[in-house]
Every structure is written in structure tokens, then in C-alpha cells.
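The structure appears right after this line, and notes come after that.
2 protein chains.
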Amino acid sequence: MNAKSLPLKPSSHLYLLFLFLGICVSSAQNNQKRPPNFVIIFADDLGYGDLGVFGHPTIKTPNLDRMAHEGQKWTNFYVGASVCTPSRAALLTGRLPVRSGMASNKQRVLFPDSKNGLPAEEITLAEQLKQVGYSTACIGKWHLGHKKQYLPTNNGFDYYFGIPYSNDMDKTGGQDYKEAANQGASAIRMEDYNVPLMRNTEIIERPADQNTITKRYSEEAISYIKKNKDTPFLVYLAHNLPHIPLFASKGFLGKSERGLYGDVVAEIDDGVGKILAALKEEGLTENTIVIFTSDNGPWLPFKTHGGSAGLLRAGKGTTWEGGMREPTIFWSPGKIKPAVITDLGSTMDLFTTFSKLGGAKIPDDRVIDGVDLSATLFEQQESPRKNMFYYRGTDLYAVRLGDYKAHFITEGAYGQFEERQEHATPILYNVNEDPSEQFDIAKEHPEAIERINALVTEHQAKLVKGKDMLAERE
Amino acid sequence: MNAKSLPLKPSSHLYLLFLFLGICVSSAQNNQKRPPNFVIIFADDLGYGDLGVFGHPTIKTPNLDRMAHEGQKWTNFYVGASVCTPSRAALLTGRLPVRSGMASNKQRVLFPDSKNGLPAEEITLAEQLKQVGYSTACIGKWHLGHKKQYLPTNNGFDYYFGIPYSNDMDKTGGQDYKEAANQGASAIRMEDYNVPLMRNTEIIERPADQNTITKRYSEEAISYIKKNKDTPFLVYLAHNLPHIPLFASKGFLGKSERGLYGDVVAEIDDGVGKILAALKEEGLTENTIVIFTSDNGPWLPFKTHGGSAGLLRAGKGTTWEGGMREPTIFWSPGKIKPAVITDLGSTMDLFTTFSKLGGAKIPDDRVIDGVDLSATLFEQQESPRKNMFYYRGTDLYAVRLGDYKAHFITEGAYGQFEERQEHATPILYNVNEDPSEQFDIAKEHPEAIERINALVTEHQAKLVKGKDMLAERE
Chain X
1 MNAKSLPLKP SSHLYLLFLF LGICVSSAQN NQKRPPNFVI IFADDLGYGD
51 LGVFGHPTIK TPNLDRMAHE GQKWTNFYVG ASVCTPSRAA LLTGRLPVRS
101 GMASNKQRVL FPDSKNGLPA EEITLAEQLK QVGYSTACIG KWHLGHKKQY
151 LPTNNGFDYY FGIPYSNDMD KTGGQDYKEA ANQGASAIRM EDYNVPLMRN
201 TEIIERPADQ NTITKRYSEE AISYIKKNKD TPFLVYLAHN LPHIPLFASK
251 GFLGKSERGL YGDVVAEIDD GVGKILAALK EEGLTENTIV IFTSDNGPWL
301 PFKTHGGSAG LLRAGKGTTW EGGMREPTIF WSPGKIKPAV ITDLGSTMDL
351 FTTFSKLGGA KIPDDRVIDG VDLSATLFEQ QESPRKNMFY YRGTDLYAVR
401 LGDYKAHFIT EGAYGQFEER QEHATPILYN VNEDPSEQFD IAKEHPEAIE
451 RINALVTEHQ AKLVKGKDML AERE
Chain A
1 MNAKSLPLKP SSHLYLLFLF LGICVSSAQN NQKRPPNFVI IFADDLGYGD
51 LGVFGHPTIK TPNLDRMAHE GQKWTNFYVG ASVCTPSRAA LLTGRLPVRS
101 GMASNKQRVL FPDSKNGLPA EEITLAEQLK QVGYSTACIG KWHLGHKKQY
151 LPTNNGFDYY FGIPYSNDMD KTGGQDYKEA ANQGASAIRM EDYNVPLMRN
201 TEIIERPADQ NTITKRYSEE AISYIKKNKD TPFLVYLAHN LPHIPLFASK
251 GFLGKSERGL YGDVVAEIDD GVGKILAALK EEGLTENTIV IFTSDNGPWL
301 PFKTHGGSAG LLRAGKGTTW EGGMREPTIF WSPGKIKPAV ITDLGSTMDL
351 FTTFSKLGGA KIPDDRVIDG VDLSATLFEQ QESPRKNMFY YRGTDLYAVR
401 LGDYKAHFIT EGAYGQFEER QEHATPILYN VNEDPSEQFD IAKEHPEAIE
451 RINALVTEHQ AKLVKGKDML AERE
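Here it is, written out as C-alpha cells:
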């Protein structure tokens, strides 16, 4: 080989070599420095038993099943409340809703005529991540205040596409839902629910076309991921289904053996599959953590239009396990070790875990209920979460500590007969041995009750209840 | 190259070549001709909801979960009866136990003082396969007659290692099981159950050491597979646990968060893992079909010592779904396509499917209730099974046809209060949409009841009830 045939001088070669090495190093540094992306997929009223991998016989969820096989299936994962508004507040603030005022004994959730929303002084996960350079999107149901100052765009999200409250609100006419449900999917008219669909702070469609809404949410999430792949991002995708009224798009309608409810869950599952595929396509899988869970248990009075909590007791609205334990999957190939995790976790922990991973400081001027789950996710270490407080409105109904759960007050869900009852001696279950909460062992384990009582005393000593933000309506 | 340097003449080369080709062809023919091996792993009183992959939160079954992921998870798979003896008769004969006399309204199962067993004229799957050259082993619980003429070795099995009836029989003393269970695993004494362990027709240990029995059954299965790998084989491994009394060996005792019941299931799962590993080691995976299922639903009155039917209603002893639908997995890498199968199947179909695959003729002198599932297993075609008859003793309580199940009679399990009730108009459920059997839709679907009634008429016209083999005791 003749040196003269080279188009560049040897010194130029050296330059190119350094340039090349420089790029490699800087690219590696970027990869090291760049914090992970987060995708939170949050279903609405999906029960513990409603995914294939959580035991449903006829709801087919191949994408979520695969996600669980490749990732971590968490079987003791809780939400902060058993109804929409407080549960969402808990996830986004990392705090029990009783602290933020997003829990009330007068109104269980926000309505289209509610005056207030999430207080401005509350700090959301989106605000946390935005301050450290994340792009942030809220896609789907918000339900933390529909007035402009309460919307996602005023709570740390760069982008919002979705409905501001539940899909059964703004009912303008038509027959009762249960009657329509009895007549089949074609009797459920989206025109009867005048729910607005918003982009940022503008209403872009009213009523929202709920027949295609699940599909559009997944598409919006994918489009946001593709547009924002050059910065770290948070996508909070809060589907407004399978909360009634149930709607599915043409490709799914009438396809599931579980009926319309199964069609809806299959469409959500399909969206999950497409989101994971998009992450793969963009080469983002290893630096993205995806979590799938639900906001509360199944809405049982709606019969086959409500879901199933599987072997767990009761559902939405209650502090039984069926109300607050959710089918949860974490996924991040190469980072999160495939496993079944039976340790405790909570949606409130996402605030703490994702803030830390993202490089945001955890606020120290308030009580944060979330704990950092990253050592469990990445190294399968024991979860730092050892307890769970089950509030209904602003009353503490039950407390779990380790395997034991003590019920101080019990009460049935909406429309289901089980009167509120206070228990002088709490009912005690070992919920790992007895997940269906059937066998009271209070007499055999007074020491467990003592430890739980001590925990409650400590908890209540520090508790400052926020001003009720749900009660006032116009 | 010099021809002279060759140690053999050209003609010898040709000879070697033909020899080599001959071996290839004959080996390929052998592979083609050699029918598949079958391993049936049958748990006792394991509920529909008791495996991780069927939704249990704290029973860890990593091997069965993986088996389901690699194979087919069947979610509408039934046994022929909701208690031990008739369920086992159904599996082995491919016939409803009411036909063989292995069902009775006087005694639900066989006891140590029962006079009879499976009638000699019944043809078992083992007899079918033995006549076409299979090696056949029964390992574990038999429960089809403990007298010599009724034992496995007189019913087509070359080899038997196990207990002849349930592990809670021959109770010789000690406290009531429920009392012992309340005091914990150490209070459950295997000495209180004088159950014999047999090899072929000899008692080799009495009482059977139940602490190590699960482990020994799995080891026996592996040892039999290794010894008999040169012929096609059938291994029927019928664990006698998690039927009470519960026992687990040292490596498992006290390890599960689900308590002793979870320990027991974990040990069965461990055995499954070891059996699959042994099949891999011997290069037998592609020519072996493994099925895992259970004999009936969970024995609920034993509280945490009984299992869970998950979202299905009731358990063992009943004709509700929890009594007769079982967590079922088929596995044969490369042959069985991974899938979740929601079509109907039954343990009775193993008789027909495995007989056909093994090359044995289906008897034509009697009614066989099994159907051939192989097109579903290998090509994911629709299952030919469209219905299921739910007998309790010799009475037909319920019938499933497609999605619909009609209950003509309902009744609770042992020890659980739900009186026998005959329904002039049957209760009707869509068990795919409503797997928990909660919402009677008889009024809305008279056509489904009509079709089921026609099926019952047809069924009963052909039904010859066998002589009751369970009633007589000595």
C-alpha cells in the first residue's frame, strides 16, 4: 500500500481517530448520564384478576403476558385509594390523598361541577421530572380538576391529550347504563356522555368519540415517544377504560369471549404491545421503564361490565384487597430482572423511585409516602415498603404491616350491601396466606395487632389532613 | 490423492456410503414411527387459582409458569368428577364415571375398607398404550381399588410406586386435622395416617413417609423415564398432595409466603422442573407430551390448608366451576405451539388423544367420552370438545354447551352450607363472560336452555349406568 494514495495526511488520520474515539466516549457518557424514560400505563377500574397472566380464563392479553414474562410481575402492589380521583392524586404526588385534600368523606371523586382540583402546592411526578429536563406528557383521563389551573399543563405536563374526568360523567340522556348493558354493546351510545376530549387546555371534540379513544391514546403515546426520544421523557398514559360505559373500536368489538369488557381490555393490551414495539424500534427499551397497573379494583355492581378481582375480596370503593391491590407489571429488558415480586409496592412509590432515577430531589418540606423501589427492580433486593394504609375518604379503615392486615372499619362498595362497621378489636388477616381475607386470626395474633396499633399511632401523630378539595360543587 | 493409499477398495466405500445412508433413513424412520411419550402430572385437590400463572399472588411456581409460557395454558379444562375416585377413573378410561360404576350416591370415593375397584372390563389408557408397545408406570396415588386385582399392575401399568388411596385415610389417632392445622406444620404427624406405600403389589413402607413423598414421586418418575427411554413410555404421576394432611420436605417446609399449602405446591413445582430438565437431558423433549393438571378443585373447608379456585365459584365436591375446572398446561417444545387455549378440554380426552397418537385403536364396543385434542395441541385448531357433563355421584347436576352452562341441581361441597336444590328452570350462566357464575341469564336465553335440554335427552338416551362399585364396604 502506498502512503501517497491516501487522500489525507497521517496527521489527519490521527485527528480522525481521536474524533472517532471522542464520539465513542461522549456517546457512552451520554448513555450513562442520560436518565431513564418512564412510561406509566394506568388502566381504569381494571381488576386484579383481569389479565391472562393474573389468572383470567377468557380475557386474552398476550402483550401484557409477555411483558410480565420478560419483566417483573408484582402481586402485592397497591394504589393509594380505591376510587379514581384520590388514587390518581396518590400516584402523581407520592402522598396519601388524605394529606393533599384529594380525599373526602362528602364526595368520593371530582365531578364536572366540582369547584376545585389538585392544590397548586402539591408537587407532581411530572413537575419533579420537568425540572431535571424531562419532556412530560399526560395522555388519557386526568380527574384531578377540569378547570384550567388544575389541568395537566399546569401540573408539570408539557402536553395533554385526554378527558378531564370520568367517561360516565356529563350524562345527557339515554337509558340507564345497566339497562343499556343488558341490551348489548350497540345500545351503549357515546352520544349520551357529553365528555370533552382536550388537547392541552382546549376542547377538541365533544362528546369524545369513545369508540376509538383507547386506540387514539396508545397512538398519542407512541407519537409522543417518537417526537421526544432525544430528551428523557415521562409518558403518563391513563386509559379511561375499562371504566363504564364500555366502548371498543371495530377491530376489537365483539371479539373477546369475555364479552365487551374483554374487548376493551384486549384493545388496551394491543396498545401496550404497540408501545413496547415502538420503544424497541427506537432503540429505547433498555433506557425506558414501563409500568402497567390500574387505578383501583373492579366496579362490581356493573356485573359483566365490571371486572374481576380474581381471588381477592370485593372491589372498587372498598378497602378490601380487591379494591386496592392491582395487577402490576414493570418492564425494562436488560435492566429489570424477570421475576415474580411478592413484596409490597405502591403507585406512590413511582414518585420516589422515578424522581430519584431521574435525578430530581425528593421534597423535604412535606411527608412523602413513596419509597424507592429501584433496588427491588434492578437487583431483586427486598422492597423497602413494609406497610400500606387503606383509607376510605379521610378515614383510616385498614392497615397492612408485612403479612398482616388489620381492618378497623369495614364497609361494602357502592351499591353492594355491607354496612359500615367499626371493629373494637380489629379483624386480622394474613393476606399472604389468606389473600381472599376469609379467616380472622385476631385472637391468635394479638402481637400483630399491637404492632399495627403502634404503627397507626405513629402515623396519626404526624398526619396533617389537607383541606377537602372534593366536597365543593357549583 | 493415490487410490492405493486407501485402506479399503472403492467398492467398500460404496458399501460404507450405503450403510451410512441406510442408518440415516432407518433412524429417520424410527423417529417418524416412534410414537410420542406421555407424562401426565396430576395434582390432588389443587385449585384453579393455585399456580402463579393462573393468578396466585404468593404461591411461587416458576417451573409451571415457564412450562405454560413455552406450552399451552388451557383455561377451560375439566375433570370428569369433582372428587378423587371418579375423577381418576374418568382420566384413565376416557369415560364419565357414571358409565363405569366408579360414581355413587352412597359413597363418594373408595375407602380402605371398600370391597371393589375399577371393573376389569374397563380399559385404561395404560392398557391401550401397553398393547402398542409402551412402557407404562403409575407413580403416586391410585384410588381405584387397593385390592390386588384392582391395583395399577392389573390395569395396564408395568410399574407402580405409590399409595393406594388418599393420604388422609387409615387415620390411627392423633388430633383432628383442623386442630392440628391451627397449631402449625409441626403438629401434623405423618404417624397418624397409616397409609401404605407400595411398589407394584407389595407394601414397602407403612405409614408412608409423607414428609418426603412428593420428592420421591418426582424422582421415581425421572428414574423411570431414564430407564425406559428406548421404548415409548407413559408415566402417570399422580401426586397425593396438596390433599390434606399437608407435608413438605425440609428444603420446602416453611419457605412459602402462602404457608404450608404453598410449600407443598412449590415442591410439586420443583419436581415438574426436574422432570422437564431430565427430558431435555435425555433429548426427549420433542417426542414427549407433558400435561399438568389436577383431579378436582380445592378442599375449601380446610381454610388455608385447602387451595383456591381463584375467580371460580366454590370447590371440590361441587359441580360449580371451582369443583371441576382445573389449571392445565400442555408442553412439548417444537410440537405444541405456545398459546392460551380457551376452548374446552377434559382429562377424558387424554385417553382418546394419547391412544390415537400412540397408535392404539379406540374401543368401539362402549361409549368413550374423550375426544381427540391433537389438532388443537399441534395446529391450534378449534377443539372438538363442545360440551361437558357435570355429574355428582350418578346424578347429572349441570351441563355446559359452548359458552353456556345450565345447572339443573345445585349443592354445596362437603361441610359447606348450600342445600341441594333442584331447579325447574335451570340456572343459566355464560361461563366465558361470567366465569364466577354470578349472573343467571336463563330468562334472556331460553334458546340456550333448549339446546342444552336436547343434548341432555340425547345423552341420557344412550346412557347405561354401570353397577355401583363404590358403595360396598367390608
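These protein sequences, in sequence, are chains X and A. The numbers in UniProt numbering rise by one with no breaks, and the one at position 61 of the first sequence is 61. The numbers in UniProt numbering rise by one with no breaks, and the one at position 11 of the second sequence is 11. Quick reminder that beta carbons are idealized off the backbone N, C-alpha and C, glycines included.
- Nearest CB-CB separation between X:Asn182 and chain A: below the 9 Å threshold.
- Under the 8 Å Cβ criterion, the region 334 to 342 of chain X does not count as touching the region 88 to 99 of chain X, having fewer than three qualifying pairs.
- Residue nearest to A:Glu450 within the set A:Val464, A:Pro426 and A:Gln460 is A:Pro426 (criterion: CA-CA distance).
- The way I'd put it, the region 47 to 67 of chain A does touch the region 260 to 271 of chain A; three or more beta-carbon pairs between them come closer than 8 Å.
- For A:Phe292, no chain X residue has a C-beta closer than 8 Å to its own C-beta; the minimum C-beta separation is roughly 16 Å.
- When the five nearest sequence neighbours on each side are left out, the beta carbons in the same chain lying within less than 8 Å of the beta carbon of A:Ile203 are those of Pro196 and Leu197, in order along the chain.
- By the beta-carbon neighbour count (other beta carbons within 10 angstroms, threshold 16), X:Val464 is exposed.
- The region 66 to 80 of chain X makes contact with the region 312 to 331 of chain X, as at least three CB pairs between them are under 8 Å.
- Contact between the region 396 to 410 of chain X and the region 119 to 132 of chain X is absent: fewer than 3 CB-CB pairs across the two stretches fall below 8 Å.
- The CB of A:Ser383 never comes closer than 9 Å to any CB in chain X; the least such distance is about 13 Å.
- With contacts defined as CB atoms closer than 9 Å, A:Ala248 and A:Thr214 qualify as a contacting pair.
- Counting only residues of its own chain and dropping the five nearest sequence neighbours on each side, X:Gly317 has a CB closer than 7 Å to the CB of Ser82, Val83, Gly323, Ala413 and Tyr414.
- Three or more pairs of CB atoms, one per stretch, sit closer than 8 Å, so the region 41 to 52 of chain X contacts the region 232 to 239 of chain X.
- Residues of the same chain with a CB within less than 7 Å of the CB of A:Gly156, apart from the 5 flanking positions on each side, are Thr124, Ala126, Glu127, Lys130 and Thr136 in chain order.
- The straight-line gap separating the alpha-carbon atoms of A:Met348 and A:Glu321 is approximately 17 Å.
- Interface residue (Cβ-Cβ distance to chain A less than 9 Å): X:Ser346 is not classified as such.
- For the pair of segments examined, the region 418 to 425 of chain A was found not to touch the region 294 to 309 of chain A: the number of CB pairs separated by less than 8 Å stays below three.
- The C-beta of A:Gly49 has 16 or more other C-beta atoms within 10 Å across all chains shown, which makes the residue buried.
- For A:Val290, the three-state secondary structure derived from DSSP is strand.
- By the rule that beta-carbons nearer than 9 Å mark a contact, A:Phe417 does not touch chain X.
- Secondary structure note for A:Gly345: its beta strand (DSSP E) is the uninterrupted segment Ala339 to Ser346.
- Under the Cβ distance rule, X:Arg400 does not count among the residues neighbouring chain A, no pair being separated by less than 9 Å.
- Judged by DSSP in its simplified three-state form, X:Arg34 adopts coil rather than helix or strand.
- Ranked by Cα distance from X:Leu92, the first of X:Ile441, X:Asn105, X:Pro112 and X:Lys141 is X:Lys141.
- Taken through DSSP and simplified to helix, strand or coil, A:His146 comes out as coil.
- Within a 10 Å sphere around the beta-carbon of X:Asp365 sit fewer than 16 other beta-carbons, which makes this residue exposed.
- Chain X has a Cβ within less than 9 Å of the Cβ of A:Ala309.
- Distance from the CA atom of A:Leu276 to the CA atom of A:Ile139, rounded to whole angstroms, is 16 Å.
- Looking at the backbone, the Cα of X:Glu286 and that of A:Leu279 are separated by about 35 Å.
- For A:Arg473, the number of other beta carbons within 10 angstroms of its own is below 16, and it is reported as exposed.
- Among the residues facing chain X, A:Arg313 is not included, as its CB has no counterpart in that chain under 9 Å away.
- With a cutoff of 9 Å on beta-carbon distance, A:Leu64 and A:Pro242 are scored as not near each other.
- Residue nearest to X:Lys250 within the set X:Pro298, X:Asn430, X:Ala360 and X:Asp209 is X:Asp209 (criterion: CA-CA distance).
- In the DSSP annotation of this structure, the continuous segment of the alpha helix (DSSP H) that includes X:Asp263 starts and ends at Leu260 to Glu281.
- Excluding residues up to 5 positions away in sequence, Lys171, Thr172, Gly173 and Gly174 lie with their Cβ nearer than 7 Å to the Cβ of X:Asp192 in the same chain.
- In this structure, the straight-line span from the alpha carbon of X:Asp295 to that of X:Glu326 is close to 8 Å.
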